[in-house]
Every structure is written in structure tokens, then in C-alpha cells.
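Residue numbers (the numbering used here): -3 to 196. Heads up, the thing below is written out as C-alpha cells.
Given below as C-alpha cells:
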């Protein structure tokens, strides 16, 4: 949960002009008020497009996250101020107007130290190397993160560790390649991903 329908949320993977983060915050507040979850932090998991939203949400609201689990994201927002948001954290030349008078890039930068201290688990199928129609393709993205989900996951882990160590933070990140798995949730789940997410 939540389920972002294609009709109502065609761009739920990213946070900027569209605000899927606010829908997720509202759901968390509702679940707390109705006694379903405690007031503490939550463990957040996302697969593919959901993983894109999950890690961007955690960058904005690390104080709400106990642990972050991202699986087979198509691409990532990395903690690099040389790359323009949403590939990195540099402000775009024409930042989108957002509620509250700030951009997701600026807020993510303010929260970056707290984000880098989170336990972060990244999962991807070892065979997730197909460049299908749903995979985002952009020259800058491919130059910095790679051309496949497997390459991009490896690059993301390296960028997290580099950014943490540059700030004298011991990175708490773990990377799992799931053998025999391409870009298919069911296959990844039965290959051990679900067990790992639920026991960490």
C-alpha cells in the first residue's frame, strides 16, 4: 500500500510537480490514527516503479523511515550535486513550483545526512539486464548509472557508500543480486527477496 492507479497517478515514481509523497504521508497518518501502525518509523519497500518512489520518499522524510528496501528500480536519484535533479540533487534551471515554497531537490539535500544513516537494502535480479519499454533511457542517466537495472543498482550502491564516507558516516547499505531472476516480481519474491525483506 498504497496503490497508485495509472489513471490518477501516471507519474507516481518521482516527486516534484506531482506529489505522491503526500498521499503516502496521509496514508501513514491515517493508519496511525486508526491503530494499525504505531507512531514510530516504518520499514518501506518498493519494487520497480515503487522502488523509485520509495527511495525518493526516504530522501525527503528519513525521520519517518526505519529501514529502506528498494528492488529493481528503473533508475535512481543519487546523492550527487553535480547531477541535475532527479538523477542527482543539483537544482534544475527551472525548478517546478511545489507546495511549501521549496523543491524536492532542496529538501532532499537538507535531509541527506539523515538519509545516508538509514539501513538501506537494494535488491535486483542478476538477469535483470533487458532494456524493455518501461526502462527509462536518457544519455545522462545511462552515462552515470548504466544501461540496465542491474548496472544501475550496482552504481546506486557505490554512490551511497561514496556519499556517506565523504561525510564521515559509516554506510549501512546491503546489496543482494537474486540469481536466476529477470525483471519479474514473482520470480524475485520466490527467489528469496520476500524472506530477506521480512527478516531484516
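Every residue, glycine too, gets a C-beta built ideally from N, C-alpha and C.
Here residue 0 has 8 and 16 as same chain residues with Cβ atoms under 7 Å from its own Cβ, once five neighbours each way along the sequence are excluded. Between the alpha carbons of residue 115 and residue 154 lies a gap of roughly 15 Å. Counted as a single uninterrupted DSSP element, the beta strand (DSSP E) harbouring residue 64 occupies residues 61 to 67. Using a Cβ distance threshold of 8 Å, residue 183 and residue 119 do not count as a contacting pair. With three or more CB-CB distances shorter than 8 Å, the stretch 59 to 67 counts as touching the stretch 29 to 49.
By the Cβ-count criterion, residue 36 is exposed, with fewer than 16 other Cβ atoms from all chains shown falling within 10 Å of its own Cβ.
In this structure, DSSP gives residue 195 a helical state, which the three-state scheme calls helix. The continuous beta strand (DSSP E) containing residue 116 extends over residues 116 to 121.
For residue 168, the closest C-alpha among the options 128, 177, 196 and 138 is that of 196.
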